[in-house]
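For reference, the structure is listed below as structure tokens.
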Amino acid sequence: MSNQTERNTLGELLFREFNAYATALTEHGEDWAHAWPSATWPLHTPLAALQGRFAVAREAAAAIGVKPSDSQITEEHQVRLDYRALFPNGAPTLIG
458 MSNQTERNTL GELLFREFNA YATALTEHGE DWAHAWPSAT WPLHTPLAAL QGRFAVAREA
518 AAAIGVKPSD SQITEEHQVR LDYRALFPNG APTLIG
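Here our numbering runs 457 ahead of the position in the sequence shown, where the first position is 1.
In structure tokens form, the structure reads like this:
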């Protein structure tokens, strides 16, 4: 069993790679929420490479017990998009 720091690190890596993949899907004109779980891309294309990086990150996270379902990944990404829309300049800080 891995420790919490490793789980947090690989979990964050998983979502960082997913964000890159979902962003590229959107830029490619795809509906990321529907395309990502089942889409296949021609080999040696940017989308295939990003899909592969996400797959590797997902396997690494699963190896230490971080195993979100497809719907959990979709929901988490949507929450992160909503958060960025609320705070486009980053998280608010207290002036002190």
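Built from N, CA and C at the ideal position, the CB exists for glycine as well.
Rounded to whole angstroms, the separation of the alpha carbons of T550 and Q508 is 34 Å. Unbroken alpha helix (DSSP H) runs of no fewer than 4 residues, entirely contained in the stretch 480-506, are found at 489-492, following chain order. Here DSSP, grouped into helix, strand and coil, assigns L551 to coil.
When secondary structure is reduced to three states using DSSP, S526 falls in the coil class, being assigned neither helix nor strand. The beta carbon of S526 sits closer than 8 Å to none of the beta carbons in its chain outside the five residues before and after it. In this structure Y540 is not in contact with F511, their Cβ atoms being roughly 20 Å apart against a cut-off of 8 Å.
Distance between N476 and I552, taken at the CA atoms: about 30 Å. In the three-state scheme derived from DSSP, where H, G and I count as helix and E and B as strand, F475 is classed as helix.
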